[in-house]
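Down below is the structure, laid out as structure tokens.
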Amino acid sequence: MQAVLEAMVERVRAAAQGARPLRPRGGGSKDFYGNELAGEPLDTSAYAGLVNYEPSELVVTARCGTPLAELERALAANGQMLPFEPPHFGPGATLGGCVAAGLSGPRRASAGAVRDFVLGARLLDGRGRVLAFGGEVMKNVAGYDVSRLLAGSLGTLGVILEVSLKVLPRPAAETTLRLEAPQDKALEWMNHWAGKPLPISATCYLNGELSVRLSGAAAAVRAARETLGGEALGDGEGFWTALREQTHPYFAPEAPLWRLSLPSRAAPPRLPGEELIEWGGALRWLASAGEARTIREAARRAGGHATLFRARDKSPGAFTPLGPAQMKLQRELKAVFDPARIFNPGRLYPDL
Amino acid sequence: MGKAVPVERIDASRQREVVRRLREFLPAHSVLFEDEDTRPYECDGLTAYRRAPMVVALPETDEQVRRVLQACSALGVPVVPRGAGTGLSGGALPLADGVLLSMAKFMRALRVDPVARVAVVQPGVRNAAISDLVAPFGLYYAPDPSSQIACSIGGNVAENSGGVHCLKYGLTVHNVMRVRGYTIDGEPVDFGGEALDAPGYDLLALAIGSEGLLVVITEVTVKLLPKPQLARVVMASFGDVETAGQAVAAVIAAGIIPAGLEMMDKPATRAVEEFVRAGYDLDAAAILLCESDGTPEEVEEEIARVKQVLSDAGATRMTVSRDEAERLRFWSGRKAAFPAVGRISPDYYCMDGTIPRRRLGEILRFIGEMERKYGLRCPNVFHAGDGNLHPLILYDANDPEQLRRTEQFAREVLEKCVEVGGTITGEHGVGVEKIDQMCTQFGSAEIETFHALKHAFDPVGLLNPGKAVPTLARCAEYRGMHVHGGQLPFPDLPRF
Ligand SMILES: Cc1cc2nc3c(=O)[nH]c(=O)nc-3n(C[C@H](O)[C@H](O)[C@H](O)COP(=O)(O)OP(=O)(O)OC[C@H]3O[C@@H](n4cnc5c(N)ncnc54)[C@H](O)[C@@H]3O)c2cc1C
Numbered sequence: 403m404q405a406v407l408e409a410m411v412e413r414v415r416a417a418a419q420g421a422r423p424l425r426p427r428g429g430g431s432k433d434f435y436g437n438e439l440a441g442e443p444l445d446t447s448a449y450a451g452l453v454n455y456e457p458s459e460l461v462v463t464a465r466c467g468t469p470l471a472e473l474e475r476a477l478a479a480n481g482q483m484l485p486f487e488p489p490h491f492g493p494g495a496t497l498g499g500c501v502a503a504g505l506s507g508p509r510r511a512s513a514g515a516v517r518d519f520v521l522g523a524r525l526l527d528g529r530g531r532v533l534a535f536g537g538e539v540m541k542n543v544a545g546y547d548v549s550r551l552l553a554g555s556l557g558t559l560g561v562i563l564e565v566s567l568k569v570l571p572r573p574a575a576e577t578t579l580r581l582e583a584p585q586d587k588a589l590e591w592m593n594h595w596a597g598k599p600l601p602i603s604a605t606c607y608l609n610g611e612l613s614v615r616l617s618g619a620a621a622a623v624r625a626a627r628e629t630l631g632g633e634a635l636g637d638g639e640g641f642w643t644a645l646r647e648q649t650h651p652y653f654a655p656e657a658p659l660w661r662l663s664l665p666s667r668a669a670p671p672r673l674p675g676e677e678l679i680e681w682g683g684a685l686r687w688l689a690s691a692g693e694a695r696t697i698r699e700a701a702r703r704a705g706g707h708a709t710l711f712r713a714r715d716k717s718p719g720a721f722t723p724l725g726p727a728q729m730k731l732q733r734e735l736k737a738v739f740d741p742a743r744i745f746n747p748g749r750l751y752p753d754l
Numbered sequence: 022m023g024k025a026v027p028v029e030r031i032d033a034s035r036q037r038e039v040v041r042r043l044r045e046f047l048p049a050h051s052v053l054f055e056d057e058d059t060r061p062y063e064c065d066g067l068t069a070y071r072r073a074p075m076v077v078a079l080p081e082t083d084e085q086v087r088r089v090l091q092a093c094s095a096l097g098v099p100v101v102p103r104g105a106g107t108g109l110s111g112g113a114l115p116l117a118d119g120v121l122l123s124m125a126k127f128m129r130a131l132r133v134d135p136v137a138r139v140a141v142v143q144p145g146v147r148n149a150a151i152s153d154l155v156a157p158f159g160l161y162y163a164p165d166p167s168s169q170i171a172c173s174i175g176g177n178v179a180e181n182s183g184g185v186h187c188l189k190y191g192l193t194v195h196n197v198m199r200v201r202g203y204t205i206d207g208e209p210v211d212f213g214g215e216a217l218d219a220p221g222y223d224l225l226a227l228a229i230g231s232e233g234l235l236v237v238i239t240e241v242t243v244k245l246l247p248k249p250q251l252a253r254v255v256m257a258s259f260g261d262v263e264t265a266g267q268a269v270a271a272v273i274a275a276g277i278i279p280a281g282l283e284m285m286d287k288p289a290t291r292a293v294e295e296f297v298r299a300g301y302d303l304d305a306a307a308i309l310l311c312e313s314d315g316t317p318e319e320v321e322e323e324i325a326r327v328k329q330v331l332s333d334a335g336a337t338r339m340t341v342s343r344d345e346a347e348r349l350r351f352w353s354g355r356k357a358a359f360p361a362v363g364r365i366s367p368d369y370y371c372m373d374g375t376i377p378r379r380r381l382g383e384i385l386r387f388i389g390e391m392e393r394k395y396g397l398r399c400p401n402v403f404h405a406g407d408g409n410l411h412p413l414i415l416y417d418a419n420d421p422e423q424l425r426r427t428e429q430f431a432r433e434v435l436e437k438c439v440e441v442g443g444t445i446t447g448e449h450g451v452g453v454e455k456i457d458q459m460c461t462q463f464g465s466a467e468i469e470t471f472h473a474l475k476h477a478f479d480p481v482g483l484l485n486p487g488k489a490v491p492t493l494a495r496c497a498e499y500r501g502m503h504v505h506g507g508q509l510p511f512p513d514l515p516r517f
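So the sequence lines, in the order shown, correspond to chains S and D.
For the first sequence, the working numbering begins at 403 and goes up steadily by one.
For the second sequence, the working numbering begins at 22 and goes up steadily by one.
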């Protein structure tokens with residue numbers, strides 16, 4: 403492993419000297435995400451493997467190239483899981499890409515996001531230095547929280563070499579219910595239920611149907627089923643996996659796919675296109691050929707932002723543009739880790 | 022980076038200049054500079070460090086905060102933000118050439134949205150006041166530091182504070198959605214939002230736990246959770262601390278995430294029992310408090326499993342709280358542990374290391390050795406579920422020699438925490454107190470990166486300078502001191 407690391411360090415140093423952009427890449431499952439790719443791929447898949455896994459500590463540390471599927475299998479063998487239920491978007495998905503993309507799955511609203519479970523990280527920065535932040539313990543406030551900052555940085559701050567994550571036991575029982583409701587009613591229910599002590603671990607609304615996953619102690623799941631009513635769904639697991647991986651038929655059409663992140667109770671933005679709601683109302687997918695400006699403005703007015711998630715034409719910019727003050731801080735942050743701007747230039751914002 | 026050595030004397034003409042400047046936009050009662058008025062601000066909860074500030078500013082509006090910062094930037098005067106002053110690492114320790122910016126007047130709750138389950142509050146609002154405010158909706162704010170009746174939410178954000186329930190419900194960083202404030206230049210910043218994520222780098226994560234070095238917080242949006250229907254706590258006794266430590270690991274290994282999992286050793290329970298009569302087993306070498314919450318069905322199921330695991334792990338006695346009053350009584354002792362210890366000793370020094378749970382026994386043994394080595398007593402209370410230790414060294418601050426031994430004791434324990442794979446601070450922050458130990462935990466490249474991050478927000482280094490991150494020179498000196506053992510400051514003390 404040391405040789406693999408040294409080779410990466412060499413490549414980064416050379417790239418920094420020649421100002422030649424690099425793009426760290428695991429399995430390439432998230433190549434579609436963000437703005438157009440630039441730079442030579444820096445393959446991380448050889449820097450793989452679990453470094454430390456102590457189930458009773460609820461922590462796993464693994465190298466960036468570790469396939470996400472392999473990591474999840476190791477956890478499952480011990481009755482544990484990654485609580486943020488990350489999407490893979492392809493068989494090659496790696497841990498490094500998962501953290502860099504910062505995308506979470508159906509359990510996000512109840513359990514938390516990738517960044518909430520990051521405890522520590524090692525980073526190969528733009529000067530070719532290996533830096534270590536955070537650690538393997540649950541609570542750690544020494545130094546600025548750089549490891550959480552890496553979640554969602556899309557490989558623009560450096561190569562995330564190694565990550566420590568908090569893991570949790572898998573729920574003892576799980577069941578999925580399906581209820582029929584118009585959209586406004588469904589939004590109202592999701593918000594109302596989230597304020598009640600119910601073991602809801604995922605929600606999805608599409609075409610008049612509200613799917614609700616309950617996870618927890620068997621008794622609690624049983625009791626909540628009584629409270630909520632509806633029909634039990636046969637293949638609940640298959641449904642949530644298809645939703646997470648976007649293999650569900652909703653995601654099949656060619657129209658640009660927008661990801662609107664909004665306050666959970668925001669009224670449905672009146673926009674052209676078909677909507678799918680997740681995360682108790684906080685995540686709205688929109689398959690729409692509508693104007694980027696209109697969609698972003700609607701999301702902003704609702705108190706959130708809109709990402710052009712999948713589209714052939716990313717010219718409007720994948721991510722919501724930031725104000726000048728915010729952008730200035732983001733630029734300075736980028737410069738702290740990658741002064742020569744070699745990592746994934748432009749993938750997050752043209753300036754970064 | 023700030024000056025390496027803080028000024029200790031107040032310059033009277035400089036003080037007059039700053040007061041005059043601040044009074045241009047602050048009312049007279051919001052600018053304090055007479056000794057008797059500034060004295061209450063000379064320390065935070067870490068009373069071993071004291072220094073009177075040159076001036077105290079008590080703004081009441083955002084606009085006033087902005088102007089204080091702009092004025093101080095223009096004059097080159099350092100600013101130290103302060104919440105309720107309960108911090109335990111000296112983060113709010115004033116500077117003799119600086120302005121202490123007290124956020125105590127920012128006491129309003131701005132908005133509660135029970136449907137979206139968020140509350141927007143000013144930073145001076147007390148932690149417990151948020152839960153009180155939203156209780157009528159069946160909601161609460163989860164992080165509950167033991168200081169919750171006194172500490173401010175702004176201070177919680179600055180320290181990324183935890184509490185006895187954070188194993189299951191997370192730290193401040195997991196429960197805050199948005200922070201607004203100002204950089205030292207008076208530029209407004211707004212991180213996070215009421216959606217579950219925000220575009221760009223996660224500056225919210227960076228701001229939380231930044232100990233008042235990056236931004237002055239003027240507004241906090243917190244996430245509210247539904248109050249569990251029921252909570253019950255198991256109190257279990259153990260014949261020795263190591264067995265209790267192993268029982269903690271056994272609970273987690275069994276796939277249980279208790280709402281709280283706390284441990285106290287005998288010296289701690291003794292001190293507490295005298296103070297609050299919580300009903301602790303005084304014969305036990307250690308007790309564990311293990312809380313289960315949820316629906317009545319869930320709690321019943323979990324308590325049964327917890328009792329089984331604890332009994333297999335060697336618990337000698339177990340009591341389950343029968344009602345809410347009893348549950349609160351069991352917790353009252355734990356929550357009052359610091360003040361209780363404060364009653365049996367003139368002073369106490371609270372440590373805050375975190376370790377991997379499985380090393381608990383080893384650390385406890387090490388602390389025992391240190392008690393003998395330094396001739397000081399040290400009761401222990403822990404957030405055992407997340408491996409966060411709070412050994413409390415008892416000493417008398419009037420005896421400078423005892424204070425020195427105490428600091429040395431604490432340093433050895435924190436370095437041991439790093440050695441076993443943990444950290445020097447789990448929730449109280451680095452402040453001025455653990456600044457040297459930062460050099461043990463991090464290498465020069467990381468320290469440099471921290472300074473660069475600080476520089477991105479505060480290029481001149483005027484916001485809470487000298488805290489949280491040591492200068493590289495200081496680290497070099499500190500490390501050097503360790504390498505050349507002969508030059509250690511207390512050559513008379515026995516060493517391993
Ligand atoms: C008896 C006792 C028990 C405690 N128990 C716990 C516990 O269980 N868990 C825990 O985590 N902590 C605990 N603490 C420590 C302390 O209460 C927390 O660190 C708390 O968050 C500090 O809040 P404060 O308002 O008192 O902040 P202060 O002490 O006033 O300040 C703390 C830091 O925050 C900065 N700051 C404060 N307000 C702002 C603002 N508006 N903008 C920018 N920076 C700001 C200050 O500069 C300083 O660096 C305990 C303390 C005591 C005395």
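Each residue gets a CB set at the ideal place from its N, CA and C atoms; glycine is no exception.
Here the structure is a predicted model, which means the values were calculated and not measured.
Residue range of the beta strand (DSSP E) that includes H186 (chain D): Run containing H186 (chain D): none; DSSP gives neither H nor E here.
Any chain S beta carbon closer than 8 Å to M372 (chain D): no
Contact check, V461 (chain S) vs S613 (chain S), beta carbons under 8 Å: no
R88 (chain D): CB within 7 Å of a non-hydrogen atom of ligand 1: no
4 or more residues per run - each alpha helix (DSSP H) lying fully within the stretch 583 to 629 of chain S: 585 to 596
Through-space distance from P377 (chain D) to L452 (chain S), alpha-carbon basis: 18 Å
I273 (chain D) versus V402 (chain D) - alpha carbon distance: 19 Å
Helix, strand or coil at F535 (chain S) according to DSSP, with G and I counted as helix: strand
Contact test: D479 (chain D) Cβ vs ligand 1 heavy atom, cutoff 7 Å: no
Near-chain S residues of the stretch 309 to 320 of chain D (beta-carbon distance less than 8 Å), N- to C-terminal order: G315, T316, E318, E319
Limits of the alpha helix (DSSP H) - the one that I384 (chain D) falls within: Its alpha helix (DSSP H) spans residues 381 to 395.
Alpha helix (DSSP H) segment containing V738 (chain S), residue limits: First-last of the alpha helix (DSSP H) with V738 (chain S): 726 to 739.
Check: K488 (chain D) C-beta below 7 Å from any heavy atom of ligand 3: Questions concerning ligand 3 fall outside what the structure shown contains, since the ligands it does hold are ligand 1.
Buried/exposed call for T82 (chain D), threshold 16 Cβ in 10 Å: exposed
Whole-angstrom distance between L551 (chain S) and L121 (chain D), CA atom to CA atom: 29 Å
Within chain D, partners of P665 (chain S) - CB distance below 7 Å: A137, E215, A216
Beta carbon of A466 (chain D) nearer than 8 Å to that of R531 (chain S): yes
Endpoints, alpha helix (DSSP H) assigned at V330 (chain D): 317 to 333
Helix, strand or coil at D314 (chain D) according to DSSP, with G and I counted as helix: In the structure shown, D314 (chain D) sits in a strand (DSSP, three-state: E or B).
Chain-ordered neighbours of G481 (chain S) on chain D, where CB pairs are closer than 8 Å: G276
Cβ neighbours of V320 (chain D) in the same chain (closer than 6 Å, five flanking residues each side left out): L251, R253, S313
Beta-carbon contacts of P443 (chain S) that lie in its chain and below 6 Å, excluding the five residues immediately before and after: R425, R427
Among S:P489, S:M483, S:F434, S:A464, the one whose alpha carbon lies nearest that of T649 (chain S): S:P489
Three or more C-beta pairs below 8 Å linking the stretch 686 to 699 of chain S and the stretch 724 to 744 of chain S: no
Given 8 Å, three or more beta-carbon pairs between the stretch 212 to 222 of chain D and the stretch 543 to 559 of chain S: yes
Alpha-carbon to alpha-carbon, I308 (chain D) and R516 (chain D): Reliability of the predicted coordinates at R516 (chain D) is poor, the pLDDT of 32 falling under 50, and the value obtained from them is presented with this limitation in mind. If I take the Cα positions, the gap works out to 32 Å.
Nearest-angstrom Cβ-Cβ length linking A495 (chain S) and S506 (chain S), presumed shorter than 8 Å: Between S506 (chain S) and A495 (chain S) the Cβ distance is about 13 Å, and since that is not below 8 Å, they are no contact.
Residue-level contact to chain S via CB, P9 (chain D), 8 Å cutoff: Here chain D has residues from 22 to 517 only, and residue 9 (chain D) is not among them.
Proximity of A448 (chain S) and G467 (chain S) at Cβ, strictly below 8 Å: Result yes, Cβ atoms of A448 (chain S) and G467 (chain S) sit closer than 8 Å.
Cβ pair T239 (chain D), F127 (chain D) closer than 8 Å: In this structure, T239 (chain D) places its C-beta atom within 8 Å of the C-beta atom of F127 (chain D).
Contact belief for E345 (chain D) with G183 (chain D) at Cβ below 8 Å, rounded distance in angstroms: About 23 Å; that fails the 8 Å criterion.
Residue environment, G111 (chain D), which counts as buried when at least 16 other CB atoms sit within 10 Å: buried
Min CB distance P599 (chain S) to chain D below 8 Å: yes
Chain S within 8 Å of M22 (chain D), Cβ atoms only: Bear in mind that the predicted position of M22 (chain D) carries a pLDDT of just 38, short of 50, making it too unreliable to give a figure here.
Contact with chain S by F387 (chain D), beta-carbon distance below 8 Å: no
Validate contact between the stretch 612 to 629 of chain S and the stretch 671 to 678 of chain S using beta carbons, cut 8 Å, 3 pairs: no
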